[in-house]
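Colleague: The structure follows.
Protein chains: 4
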Amino acid sequence: MNSFGTLFKVEIFGESHGVGVGVVLDGCPAGIVLQKEDFEEDLARRRSGALGTTPRSEKDAPTLVSGVYRGKTTGAPLCIYFANENIHSADYGDFQAVPRPGHADFVAQIKYGGFADMRGSGHFSGRLTLGLVAAGVVAKKVLQAELGKVKFCTRITEAGGQQDVAAAVAAATADGDSVGAVVETCVSTLPAGLGQPFFDSCESTIAHILFSIPGIRGVEFGDGFAAARMRGQQHNDPFVDAAGHTAKNGAGGINGGITNGNDLVLRVAFKPTSSIFKPQETFDFVQNKPTTLQIRGRHDACIALRGAVVVEDAVAIALADLFLLARATSPFLTQPEPLSQTGAENSNSLFRSST
Amino acid sequence: MNSFGTLFKVEIFGESHGVGVGVVLDGCPAGIVLQKEDFEEDLARRRSGALGTTPRSEKDAPTLVSGVYRGKTTGAPLCIYFANENIHSADYGDFQAVPRPGHADFVAQIKYGGFADMRGSGHFSGRLTLGLVAAGVVAKKVLQAELGKVKFCTRITEAGGQQDVAAAVAAATADGDSVGAVVETCVSTLPAGLGQPFFDSCESTIAHILFSIPGIRGVEFGDGFAAARMRGQQHNDPFVDAAGHTAKNGAGGINGGITNGNDLVLRVAFKPTSSIFKPQETFDFVQNKPTTLQIRGRHDACIALRGAVVVEDAVAIALADLFLLARATSPFLTQPEPLSQTGAENSNSLFRSST
Amino acid sequence: MNSFGTLFKVEIFGESHGVGVGVVLDGCPAGIVLQKEDFEEDLARRRSGALGTTPRSEKDAPTLVSGVYRGKTTGAPLCIYFANENIHSADYGDFQAVPRPGHADFVAQIKYGGFADMRGSGHFSGRLTLGLVAAGVVAKKVLQAELGKVKFCTRITEAGGQQDVAAAVAAATADGDSVGAVVETCVSTLPAGLGQPFFDSCESTIAHILFSIPGIRGVEFGDGFAAARMRGQQHNDPFVDAAGHTAKNGAGGINGGITNGNDLVLRVAFKPTSSIFKPQETFDFVQNKPTTLQIRGRHDACIALRGAVVVEDAVAIALADLFLLARATSPFLTQPEPLSQTGAENSNSLFRSST
Amino acid sequence: MNSFGTLFKVEIFGESHGVGVGVVLDGCPAGIVLQKEDFEEDLARRRSGALGTTPRSEKDAPTLVSGVYRGKTTGAPLCIYFANENIHSADYGDFQAVPRPGHADFVAQIKYGGFADMRGSGHFSGRLTLGLVAAGVVAKKVLQAELGKVKFCTRITEAGGQQDVAAAVAAATADGDSVGAVVETCVSTLPAGLGQPFFDSCESTIAHILFSIPGIRGVEFGDGFAAARMRGQQHNDPFVDAAGHTAKNGAGGINGGITNGNDLVLRVAFKPTSSIFKPQETFDFVQNKPTTLQIRGRHDACIALRGAVVVEDAVAIALADLFLLARATSPFLTQPEPLSQTGAENSNSLFRSST
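Chains as they are written, first to last, in the working numbering: chain E, 1 to 355; chain F, 1 to 355; chain G, 1 to 355; chain S, 1 to 355.
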């Protein structure tokens, strides 16, 4: 359904051309310092404004509807809301009869029987990621309040197969086309012990939320798909010290589904934006014959430009959930049992928790 | 935690060198024909026996403990159990002091405070995937009973960067090393409408369960990471007929998180097996100094050989869950509203459901 | 956490004296006719205005923020929002130092470390039930759209041990005191087959949501606590016809956790309102000594007067969830297998589904 | 579905006359001392053997299939299994054609389309509560390991309306009839702060699992239904000391859905056993006419005799889950913020946590 998380729960709502969009965030611990200004940095990264991003300009001013009192979280659910203001619905008229290639027009028709509000792509719109970003900002504050310095570093490593991202986007824009890209997020100073061996592995939890971001075609950790081309001797990460640091990081900071205290490293593949200004062949479901479609409106040429911060915030949400889960069920993360009680073989005092 | 699914729920239990392993499967509809023989094909694929797979030979005979009566599912939870028989725990002595690179030895120590049963890698062992395979067999039967012919096709497309997989594995085995590989699964004749726009997208649900399979480093759909190198005109899939078929399938059968009725196509990257017979540098946490580790025991040289069917069965589990969810909340999949009631703009009679 | 439901999911947010309160409702099928006016009847029942209800007067005008388009649900999450307008926070000053007996003041302090917004009881306030009522209105529309005529009948059967409820409330009001009451809800024309044998039994699901309504001390089904004083011959309900009707209804329409097609009957015990105008002995946690507390402000003398419709709407939410669950996993509710395929012993054509 | 819990998750499986029954328990912290002998006391209480309990005698010897190593929990899922041995299926022949009044025979037929294994009532049998008892034993050990002395006290307070329970049961047995009863559980030395304001209130969570025990018709906390007959002055519990103790306990230890540190007190109403030896009028669904049913077999005359310990263990499971949830999201339970940081009004140092 439209929610994510076991303890740090995120539910988003809204449509692109409706009244507004928002998020309800449940499970946020009380006492986290939080004010409207805290959202500005990530919201600005999401707005971007760079060449190749949509001319639709929204203020994106968050309203803290609930869960914050006197500048701190209360422990009750947070509702963070963004009104819609700059709407041009006229651009979206014909996509039920002639669905856009690569878009949700066709599947929405099938799934919701023609009742979906598809103006501006409705609930499928990238505008819904505003709620993800807002929740991610809170997640980062939770992680920092509870764990000290956890650092996120996110960048676009390539677009259209080129490392000069700006050039690739400019070329696609000039052609009335769009271009795909790879986004990499690295999280450092994260404790060991987050994640479960099966089903709720660290990778499972993170990939789950990442694949709900519109336009993502692939997710990989550490060496990722390159690991499939390696030998074991090449891929394995030797431990080098008593803190569990490794000489290299092919695993991306995760062993057996659980963080090992090294940097968490992941990459996602964004597809090229589906909405392009070149004429496209598609099918007219009313006339029941092939047709040519010319898309108008305001669109990003490279969604990764604005999507990079969404990736980072989605990862933060997943990590906040994994952290709260680990705090509940793994007391050993912070309170290892003394050596004498368990005998040498069972002792965990050999290891230092990064917590 | 150690369970997956909202309506078709899978919970696995057991340890590699304990009494046995198994799965409890809740939410399976009543009346599905099911007997022990139905598991044999996939269990045999998982045993493999090919060059490069472990010499540990287990009969893997499933016991249907509950949920089946007179050869059909009853609607109550299924418990399917596999006893452990061929166990050599002596091979696994020292990995708490000197954790194996790439293994869960270190994180288990941190997370479970030294109390985990790590004989044969315990609950982290690939042996736990027996439960996944058993549940996947049931999932495929559910899909076929409810949806008619749904076809799975799974293959190893490359190992160690080579298309001649057997040669790559043989070479790694000869070197006492291991090798990674890519597994591709294609599911055809799947209805449109499975998955949700956010959070429980088709990709999210499938990637979630795939990343709980030990040794997977990446998951991609359709064009996957290649899409990041494409232009939109190249990646978009034009619709070509009134059934929603597309001229190509760069989206891997999914738009907006929802299946579109074309083939579902995904690939996973398996890392090379962590257990190799070459000496490896690592750290001795008791002596608190670097050391050299020589692993013995019985290990696969290429986990993808046995893991391919696990991928397929994990996908089947996710699809069974998505199907039941869609049946609950999307009645339009089978009963589209007539054109006259909604007016031309909202009509979905334009589309033909693949259901 | 602050959400309920597996498929028909309700999440409420807000505080009594904050910006507003609301609900996000996920899983509502598309195509349900819904407009603002549909909420008026139940909101009016909740406002009540009868003698013994609070003088706080709120317009309670719902804003349909998302999930509705052209008068019908879209299949995307509904957000329904109520602004707070008539607020007297000054009445709530001292309850952290001197917590009110029977209120959440003390536990909120413990649980949220002093960060909760307790103005007007904050997130603990009965005002949060606005979201429950709004969701219940939608739930009833879903049940009626999917199942035909499902009828709810709710009444206060007694207050303060008297059947003349108005008199009991008037007497308590005159004394500056409050009074408890019993509310009974009966749901008729409900199909057989809703609920699960264990854990998500019909009673479990309904009691779960009922016990989240502030002020409820007990929940019983059918004969309820009276059954504990009966013999089996007296309590058992004999079947009387091929539709599964029973001669009496001591089970309240539920056998083995599953509805049997007879009327669902339940009762809840509301405690007397905690806020009374009589002086009360309690403890001053700042002065660390006993003290006398005089509560001011605007309070109901009998919460059941306004709570009755909340009970009904909570039951409707639970039933909508149970219905969607049953539709997903119990296809036999609507499509019984023909006799010839299963043999006489297994046939269910013996029974007629009420669906 | 057939599972319970968010962090301390219980899934039961099995049928009365199948291979066996059991439970998978996920989320149990590592390092809890646990051996087979720990289960004996509660299993013996459940067997009972008193006059009025079934002559079916099962050894009920638990097998610890997984999750325990060297006498301690490992952090991986526990599977605890009980083989079925003493089975008389012949006693259960005709209940699909002529369903027993008060039993699940009819609803199982509707819900599972005739495919349920109803021998000995199958998955609906009280035998499934073996898994609940086993999980409850572990839950109590978790609570004691994590919280120190938490004490459970459970008793039958009345049967058939009489306080002399043995006499009431003997009289019913002599008549070939059965009798209902009330069971009360009191949990002392429980910390304040468990439970959530809405939906996952302490009462909601406990009532949810209690109502999955076969034969329960009502659940009440503290004064329960008697509170509906009270005035507020009579029902409110005045605080009397700085630890949050109250002069009386009408709330049953819960305010606003959250434990307040006083004794948790609840009562459940067990109906009289449905299986009685007196002839009963019912309906023959094959002959399509009324008939008289004579039940044979082995049955309890008063299920509360064996059900009392099931109630206690179910409460323990719910409390273990609530405790882990509180540990994850409410760090203030153990680490209150110092007075000086929040100012007098927000300070929680006024209160002493019972943790």
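By construction, the Cβ of each residue, glycine as well, lies at the ideal position given by its N, Cα and C atoms.
For F:Q280, write down the residues that DSSP places opposite it in a beta bridge.
Modeller: Position 280 of the second sequence, counted from the start, is the residue given in the question as residue 280 of chain F. BP columns for F:Q280 point to F:L293.
Colleague: DSSP puts S:C79 in a beta bridge; with which residues?
Modeller: One-based indexing of the fourth sequence puts residue 79 of chain S at position 79. In the DSSP output, where bridge partners are listed per residue, S:C79 has S:V24 and S:S66.
Colleague: Relative to the C-alpha of F:T292, which residue among E:G193, E:I216, E:V240 and E:V315 is closest?
Modeller: On the second sequence, position 292 is the one that residue 292 of chain F refers to. Ranking the options by Cα distance to F:T292, first place goes to E:V240.
Colleague: With burial defined as no fewer than 16 other Cβ atoms inside 10 Å of the residue's Cβ, what is the status of S:R119: buried or exposed?
Modeller: By one-based count along the fourth sequence, residue 119 of chain S stands at place 119. S:R119 counts as buried, since no fewer than 16 other beta carbons sit within 10 angstroms of its beta carbon.
Colleague: Relative to chain S, which residues along the region 11-28 of chain E have a C-beta separation below 7 Å, given in chain order?
Modeller: G27
Colleague: Whole angstroms is fine: what's the gap from S:A166's alpha carbon to S:A50's?
Modeller: Walking along the fourth sequence from the start, residue 166 of chain S turns up at place 166. Walking along the fourth sequence from the start, residue 50 of chain S turns up at place 50. Whole-angstrom Cα-Cα distance: 9 Å.
Colleague: Could you tell me the boundaries of the beta strand (DSSP E) in which G:V315 lies?
Modeller: Here residue 315 of chain G corresponds to residue number 315 of the third sequence, with the count starting at 1. The continuous stretches of beta strand (DSSP E) do not include G:V315, which lies in the alpha helix (DSSP H) extending over residues I303 to T329.
Colleague: For S:T185, which three-state DSSP category applies?
Modeller: In the fourth sequence, counting from the first residue as 1, residue 185 of chain S sits at position 185. DSSP places S:T185 in strand when its eight states are reduced to three.
Colleague: How far does the beta strand (DSSP E) with E:G252 in it reach, from first residue to last?
Modeller: In the first sequence, residue 252 of chain E corresponds to position 252, counting from 1. Note, E:G252: premise wrong, no beta strand (DSSP E); not H, not E.
Colleague: So with Cβ pairs under 7 Å, would you call F:M118 a contact of chain E?
Modeller: As a working mapping, residue 118 of chain F is identified with position 118 in the second sequence. No, no contact with chain E.
Colleague: If we call anything under 7 Å between Cβ atoms a contact, is G:F270 one with S:G218?
Modeller: For the purposes of this step, residue 270 of chain G is taken as residue 270 along the third sequence, with counting starting at 1. For the purposes of this step, residue 218 of chain S is taken as residue 218 along the fourth sequence, with counting starting at 1. No, they are not a contact pair.
Colleague: Does the region 128-136 of chain S come within contact of the region 172-185 of chain S, defined as at least 3 CB pairs closer than 8 Å?
Modeller: Contact fails: fewer than three Cβ-Cβ distances are below 8 Å.
Colleague: With respect to 6 Å, is the separation between the Cβ of F:Q96 and the closest non-hydrogen atom of the ligand SAM below this value?
Modeller: Ligands are entirely absent from the displayed structure, and the ligand SAM is therefore not among its contents.
Colleague: Got a sec: is the Cβ-Cβ distance from S:S347 to anything in chain G below 7 Å?
Modeller: If you number the fourth sequence from 1, residue 347 of chain S lands on position 347. Any reading at S:S347 needs caution, since the residue's pLDDT is 29, under 50, leaving its predicted position unreliable; the model's value is listed next. Yes - at least one Cβ of chain G is within 7 Å of the one on S:S347.
Colleague: Return helix, strand or coil for F:A243, following the three-state DSSP convention.
Modeller: Here residue 243 of chain F refers to the residue found at position 243 when the second sequence is read from its first residue. Here F:A243 sits in coil by DSSP.
Colleague: Can you look up G:A50 in the DSSP assignment and give me helix, strand or coil?
Modeller: The sequence position of residue 50 of chain G within the third sequence is 50, counting from 1. Assigned with DSSP and collapsed to three states, G:A50 falls in coil, not helix or strand.
Colleague: Relative to the alpha-carbon of E:E85, which residue among E:K59, E:G67, E:K248 and E:V65 has its alpha-carbon at the smallest distance?
Modeller: In the first sequence, residue 85 of chain E corresponds to position 85, counting from 1. Considering only alpha carbons, the answer is E:K59.
Colleague: Would you kindly report the start and end of the unbroken alpha helix (DSSP H) that includes F:A207?
Modeller: Residue 207 of chain F sits at position 207 when you count from the first residue of the second sequence. C202 to L210 is the span of the alpha helix (DSSP H), which, as asked, contains F:A207.
Colleague: Between which two residues does the alpha helix (DSSP H) harbouring G:I110 extend?
Modeller: Within the third sequence, the letter at position 110 stands for residue 110 of chain G. Residues D105 to Y112.
Colleague: Would a check of beta-carbon distances place E:T74 closer than 7 Å to chain G?
Modeller: Taking the first sequence and counting its residues from 1, the one referred to as residue 74 of chain E is at position 74. Output row for E:T74: interface = yes.
Colleague: To the nearest whole angstrom, what separates the beta carbons of G:V187 and G:L319, a pair I think is in contact under 8 Å?
Modeller: Start at 1 with the first residue of the third sequence, and residue 187 of chain G comes out as number 187. Start at 1 with the first residue of the third sequence, and residue 319 of chain G comes out as number 319. Their Cβ separation, rounded to whole angstroms, is 7 Å, which keeps G:V187 and G:L319 in contact under 8 Å.
Colleague: So, using beta-carbon positions, are G:V359 and G:C302 closer together than 7 Å?
Modeller: Residue 359 of chain G lies beyond the stretch modelled for chain G, which goes from 1 to 355, so this question has no answer here.
Colleague: Secondary structure at S:T259, three-state DSSP: helix, strand or coil?
Modeller: As a working mapping, residue 259 of chain S is identified with position 259 in the fourth sequence. In the structure shown, S:T259 sits in a strand (DSSP, three-state: E or B).
Colleague: Give the residues of chain F in contact with G:L325, contact being defined as C-beta atoms less than 8 Å apart.
Modeller: To locate residue 325 of chain G, count along the third sequence from 1; it is residue 325. Those within 8 Å of G:L325 in chain F are L7 and A328.
Colleague: Kindly indicate if chain G contains any beta-carbon less than 7 Å away from that of S:Q233.
Modeller: For the purposes of this step, residue 233 of chain S is taken as the residue at position 233 of the fourth sequence. Yes, because at least one Cβ of chain G sits closer than 7 Å to the Cβ of S:Q233.
Colleague: DSSP puts F:F13 in a beta bridge; with which residues?
Modeller: For the purposes of this step, residue 13 of chain F is taken as the residue at position 13 of the second sequence. F:G22, per the DSSP bridge assignment.
Colleague: When DSSP labels each residue in this structure, what does E:S121 get in the three-state scheme?
Modeller: The count along the first sequence starts at 1 and reaches residue 121 of chain E at position 121. Three-state result, E:S121: helix.
Colleague: In whole angstroms, what separates the C-alpha of S:V315 from that of F:N262?
Modeller: Numbered from 1 along the fourth sequence, position 315 holds the residue referred to as residue 315 of chain S. Numbered from 1 along the second sequence, position 262 holds the residue referred to as residue 262 of chain F. Taken atom to atom, the span from the alpha-carbon of S:V315 to that of F:N262 is near 49 Å.
Colleague: Assuming S:V182 and F:V65 are in contact, meaning their beta carbons sit under 8 Å apart, how far apart are those beta carbons, in whole angstroms?
Modeller: For the purposes of this step, residue 182 of chain S is taken as the residue at position 182 of the fourth sequence. For the purposes of this step, residue 65 of chain F is taken as the residue at position 65 of the second sequence. Not quite, the Cβ-Cβ distance comes to about 35 Å (not below 8 Å), so this is no contact.
Colleague: What does the alpha-carbon distance come out to for the pair F:G222 and F:E15?
Modeller: Within the second sequence, the letter at position 222 stands for residue 222 of chain F. Within the second sequence, the letter at position 15 stands for residue 15 of chain F. Roughly 35 Å separates the two Cα atoms.
Colleague: Can you give the Cα-Cα distance for S:V98 and S:D117, rounded to whole angstroms?
Modeller: By one-based count along the fourth sequence, residue 98 of chain S stands at place 98. By one-based count along the fourth sequence, residue 117 of chain S stands at place 117. Their backbone Cα atoms lie some 16 Å apart in a straight line.
Colleague: If the cut is a Cβ gap below 8 Å, which residues of chain S does G:P101 touch?
Modeller: Within the third sequence, numbered from 1, the residue matching residue 101 of chain G stands at position 101. Within 8 Å Cβ-Cβ: N236, D237, P238, F239 and T246.
Colleague: Do E:G102 and F:N236 have their C-beta atoms closer together than 7 Å?
Modeller: In the first sequence, the residue the question calls residue 102 of chain E occupies position 102. In the second sequence, the residue the question calls residue 236 of chain F occupies position 236. Contact flag set, yes.
Colleague: Answer yes or no: do S:L147 and S:A326 have a C-beta to C-beta separation smaller than 7 Å?
Modeller: Taking the fourth sequence and counting its residues from 1, the one referred to as residue 147 of chain S is at position 147. Taking the fourth sequence and counting its residues from 1, the one referred to as residue 326 of chain S is at position 326. Contact flag unset, no.
Colleague: Excluding the 5 residues flanking S:F4 on each side, which residues of the same chain have their C-beta closer than 6 Å to its C-beta?
Modeller: To locate residue 4 of chain S, count along the fourth sequence from 1; it is residue 4. So the list reads V10 and I209, once near-sequence residues are dropped.
Colleague: Mind checking G:G71: buried by the 16 CB within 10 Å criterion, or exposed?
Modeller: In the third sequence, the residue the question calls residue 71 of chain G occupies position 71. Counting Cβ neighbours within 10 Å, G:G71 comes out exposed, since fewer than 16 surround it.
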